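Under this note's numbering, think of the first position of the sequence shown as 76, with each following residue one higher. Every residue, glycine too, gets a C-beta built ideally from N, C-alpha and C. Note that the structure is predicted; figures quoted are calculated from it, not measured.
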Amino acid sequence: MASQQLNIWVTTPDEKIMEFTLDANEPVEHLKALLEVETGIVVKEQQLVFDARELPDQKKLSECGVTTGSMLFVAKREPARGGGGGGSAGGGGGQQPMDAAQVQQYFRTNPDALTQLLHNNPTMAEAVLSDDLTALSNLLAEQAQRRRQAELEQARRIQQLNDDPFNLEAQRAIEEEIMKDNIRENMEAALEYNPEAFGRVVMLYIDCEVNKTPLKAFVDSGAQMTIISLEAAQKCGLSRLIDNRWSGIAKGVGTAKIVGRIHVAPLKIGNSFFSSSFTVLENNGGVDLLLGLDMLRKHQCVIDLRETALRIGEEVVPFLSEKDIPRSELFDSEHAEPRSPAPPSPLPSLVPLPAAGAAPRPAAAQVPTLIPGGQPVPSPVAAGPTPAGAAFPEASVQNLVTSLGVTREEAVTALRAYGGNVDMAASALLQSRFGF
Numbered sequence: 076m077a078s079q080q081l082n083i084w085v086t087t088p089d090e091k092i093m094e095f096t097l098d099a100n101e102p103v104e105h106l107k108a109l110l111e112v113e114t115g116i117v118v119k120e121q122q123l124v125f126d127a128r129e130l131p132d133q134k135k136l137s138e139c140g141v142t143t144g145s146m147l148f149v150a151k152r153e154p155a156r157g158g159g160g161g162g163s164a165g166g167g168g169g170q171q172p173m174d175a176a177q178v179q180q181y182f183r184t185n186p187d188a189l190t191q192l193l194h195n196n197p198t199m200a201e202a203v204l205s206d207d208l209t210a211l212s213n214l215l216a217e218q219a220q221r222r223r224q225a226e227l228e229q230a231r232r233i234q235q236l237n238d239d240p241f242n243l244e245a246q247r248a249i250e251e252e253i254m255k256d257n258i259r260e261n262m263e264a265a266l267e268y269n270p271e272a273f274g275r276v277v278m279l280y281i282d283c284e285v286n287k288t289p290l291k292a293f294v295d296s297g298a299q300m301t302i303i304s305l306e307a308a309q310k311c312g313l314s315r316l317i318d319n320r321w322s323g324i325a326k327g328v329g330t331a332k333i334v335g336r337i338h339v340a341p342l343k344i345g346n347s348f349f350s351s352s353f354t355v356l357e358n359n360g361g362v363d364l365l366l367g368l369d370m371l372r373k374h375q376c377v378i379d380l381r382e383t384a385l386r387i388g389e390e391v392v393p394f395l396s397e398k399d400i401p402r403s404e405l406f407d408s409e410h411a412e413p414r415s416p417a418p419p420s421p422l423p424s425l426v427p428l429p430a431a432g433a434a435p436r437p438a439a440a441q442v443p444t445l446i447p448g449g450q451p452v453p454s455p456v457a458a459g460p461t462p463a464g465a466a467f468p469e470a471s472v473q474n475l476v477t478s479l480g481v482t483r484e485e486a487v488t489a490l491r492a493y494g495g496n497v498d499m500a501a502s503a504l505l506q507s508r509f510g511f
C-alpha cells in the first residue's frame, strides 16, 4: 500500500511559518531533525505541539493525528540545569532549588530590582524575602507551568484558526489577533523608546502659607479655580469666612461638594505675600490646597520645568521632590493612576532583546526581537544604543553568568541590548526565564 504524503505547516518561536512534505508513516523525530536544520533548535530541546499536545519522538505522524494542512508549533524547551535527573516542576528537583537560590540572592542584593518586583509581583516578592526556598521554587515552577500552558493554548488557537480560515468566526478571531499584535508592538516600541511614559509622574507641589499656616500647595494650571479643602480652611482659621452662598457641586473627572468661598485671604509664597480667593471643597481628595489658573494668571506665574520651580514675580520657588510630598497627597497608582494590568498570556516579553547572534538592524528601522514567554517589566530609564561590536567589561559579563546561571552569549546579548547596564540586563534575563 502506497504511503500518504503530508503537506504540513510548522510555526516557529519567532512566528515564521514553514512548510514540510513528509510521509505519514515517518516518526516525529524525523520532522524535528528537519526543524533543527531550519531553526537551529537541536532536537532534544524542541517541543513540538499539535492540537495542544506535545508529540512524542517515536510515534508516527499519522498516529499523532497529523494530516495534510495541519499546523504544528515548535518551541525551545527550557534546558535542564544542575545535576538532577529531570525533577518535576513542583517537586523540588535539582534545577528548581538552584534557580530559587539564584533568584533570591539576586533580588536581596539589588534593592532597586526588589522594589520593582514588590510593585509588579508582590507574591513573588514575599517568597523572595522569606527564607523558604521550597515555596519560592514551587512558585517559580508554577509560573513556568502557566507560561507553558499559555504557549500550548496559543498553538491550539492557531491550529483552530488555520483549520478553517474562511469561516466568519475564524476571520473575526484572526482580526482580533492582528489587533492584539499591533497593540503589543506599539507598547513594546513605547517601552523601548519612551519608557518614562510608564513611570509615575510626580505632581508639582510647593511650600506656602495661608493665613500664617504652612501648607503644601498643588500647582495645577488645568484647574479653573484655586481650591482649599474644608479641613485645611479650618486648620488655617478661615472657616468663619466661608460664604455658603457660593456652595454647589464641582465637576471634573469626578464630582465634589463645594461648601462655599473665601473671598480673600493672605497667601505667602517664598518671601512674598499675595491675596487670593479660595473655593472650599468638602473633600479635595487628600490635597489641602490647589493653586488654580485664576491665581496663576492673576500673578503671571511661570511653571519652569527646566529649573523645576514656580516663578511668581521676583520669587523662584522650587517644586518639592517626591520624598517631601506627604503620602496622602501623592497622586500614586492607588489614587489617580490605575495599576497596569498584566497583559494576557501568551503575550511575549515586553523587554526587547536582540536574538542571540543576530546582526543588529539600523536604529531607524529597528523592530525589537522579543524573548518569548515573559511578562512586561516597565523600565524607568532608556539605555542608549551600543554598537554591535562593543566590548563589555569581563566583570559585568561574569556577574550575570555567575549570579543568574545564564550562558555567556545570553549575558553579552543582554548587555548589548541595554547599553552595558548590568542591572537592566539582569532584570531582562530574569524576566525571560521566570516571567517577572
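Extent of the continuous beta strand (DSSP E) run through residue i
i      : result
Glu284 : Tyr280 to Val285
Glu390 : Glu390 to Pro393
Leu81  : Gln80 to Thr86
Ile303 : Ile302 to Ser304
Ala150 : Met146 to Lys151
Val294 : Thr288 to Val294
Glu94  : Ile92 to Asp98
Leu29  : Residue 29 lies beyond the range of the chain shown here (76 to 511); nothing can be said about it.
Proximal residues to residue i (C-beta, below 6 Å), its chain only, five neighbours per side dropped
i      : result
Met370 : Thr301 and Ser351
Phe406 : Note that Phe406 has pLDDT 48, beneath the 50 cutoff, so the model's placement of it is unreliable and the number below is only indicative. For Phe406, where only same-chain residues beyond five positions count, the Cβ hits under 6 Å are Met278.
Arg336 : Asp318, Trp321 and Thr354
Asp132 : Val103 and Glu104
Ile92  : Trp84 and Thr86
Met395 : Met is not the amino acid found at residue 395; the sequence shown has Leu there. Counting only Cβ-Cβ distances below 6 Å, and skipping sequence neighbours, we find Tyr280.
Glu111 : Val117 and Val118
Ala230 : Val124 and Phe148
Ala439 : Annotation note: pLDDT 35 at Ala439 (below 50); position unreliable, no value reported.
Leu189 : Phe182
Between the CA atoms of residue j and residue i - distance to the nearest angstrom
i      : j      : result
Ala431 : Thr114 : Confidence in Ala431 is poor, its pLDDT being 41 and thus under 50, which makes the residue's placement unreliable; the coordinate value appears in the next sentence. In a straight line, the C-alpha of Ala431 is about 13 Å away from that of Thr114.
Asn242 : Ile249 : 10 Å
Phe467 : Val203 : 30 Å
Gln80  : Leu109 : 16 Å
Val178 : Leu214 : 12 Å
Leu485 : Ala216 : Checking the sequence, you will find Glu at residue 485 rather than Leu. C-alpha separation (whole angstroms): 22 Å.
Ala200 : Leu192 : 6 Å
Ser478 : Asp379 : 44 Å
Pro537 : Tyr493 : For residue 537 there is no data in the structure shown, the boundaries of the chain being 76 and 511.
Val285 : Gly323 : 23 Å
Gly144 : Glu244 : 19 Å
Gly397 : Ala292 : Note that residue 397 is Glu in the sequence shown, not Gly. C-alpha separation (whole angstroms): 14 Å.
Gln122 : Val141 : 16 Å
Lys326 : Val334 : 14 Å
Tyr222 : Gln246 : Checking the displayed sequence, the identity of residue 222 turns out to be Arg instead of Tyr. Their Cα atoms are separated by approximately 26 Å.
Asp207 : Thr482 : 27 Å
Other residues of its chain near residue i: CB distance less than 7 Å, five sequence neighbours each side excluded
i      : result
Met146 : Trp84, Thr86, Ile233, Gln234 and Asn237
Lys310 : Thr288
Gly160 : Reliability of the predicted coordinates at Gly160 is poor, the pLDDT of 41 falling under 50, and no value is obtained from them.
Gly367 : Asp295, Ala298, Gln299, Met300, Thr301 and Ile302
Ala307 : Leu290, Asp363 and Leu364
Phe349 : Leu342 and His374
Leu227 : Val124 and Ala127
Phe95  : Ile83, Val85, Leu106 and Leu109
Val392 : Ile281, Ile344, Gly345, Ala384 and Leu385
Arg152 : Glu120, Gln121 and Gln122
Cβ neighbours of residue i in the same chain (closer than 8 Å, five flanking residues each side left out)
i      : result
Asn358 : Ser304, Leu305, Ala331 and Lys332
Val497 : Ser471, Asn474, Leu475 and Leu490
Lys135 : Ala99, Asn100, Glu101, Pro102 and Val103
Met254 : none
Glu390 : Ile344, Gly345, Asn346 and Ser347
Ile387 : Ile344, Gly345, Ser347, Phe349, His374, Gln375, Cys376 and Val377
Thr198 : Leu214
Which residues DSSP lists as bridging residue i, in chain order
i      : result
Arg128 : Phe125
Phe353 : Ile337
Ser322 : BP columns for Ser322 are empty, so no partner.
Arg386 : Val377 and Val391
Leu342 : Val285 and Phe349
Ala265 : DSSP output for Ala265 lists no bridge partner at all.
Thr330 : Lys326
Lys119 : According to DSSP, which records beta bridges pairwise, Lys119 is partnered with nothing at all.
Lys135 : Pro102
Alpha helix (DSSP H) segment containing residue i, residue limits
i      : result
Ala514 : Residue 514 cannot be examined here, being either before or after the span of the chain that is shown, 76 to 511.
His105 : Val103 to Thr114
Glu397 : Where Glu397 is concerned, there is no enclosing alpha helix (DSSP H), given that its DSSP letter is neither H nor E.
Thr209 : Leu208 to Asp238
Ser478 : Glu469 to Leu479
Original post:
Are at least three pairs of beta-carbons, each pair with one atom in the stretch 374 to 387 and one in the stretch 308 to 325, less than 8 Å apart?
Top reply: no
Subject >> Validate contact between the stretch 293 to 306 and the stretch 361 to 370 using beta carbons, cut 8 Å, 3 pairs >> reply: yes
Original post:
Given 8 Å as the limit, is there contact between the stretch 177 to 194 and the stretch 494 to 501, that is, 3 or more CB pairs closer than that?
Top reply: yes
Original post:
Should the stretch 333 to 346 be regarded as contacting the stretch 255 to 273, the criterion being three or more beta carbon pairs within less than 8 Å?
Top reply: no
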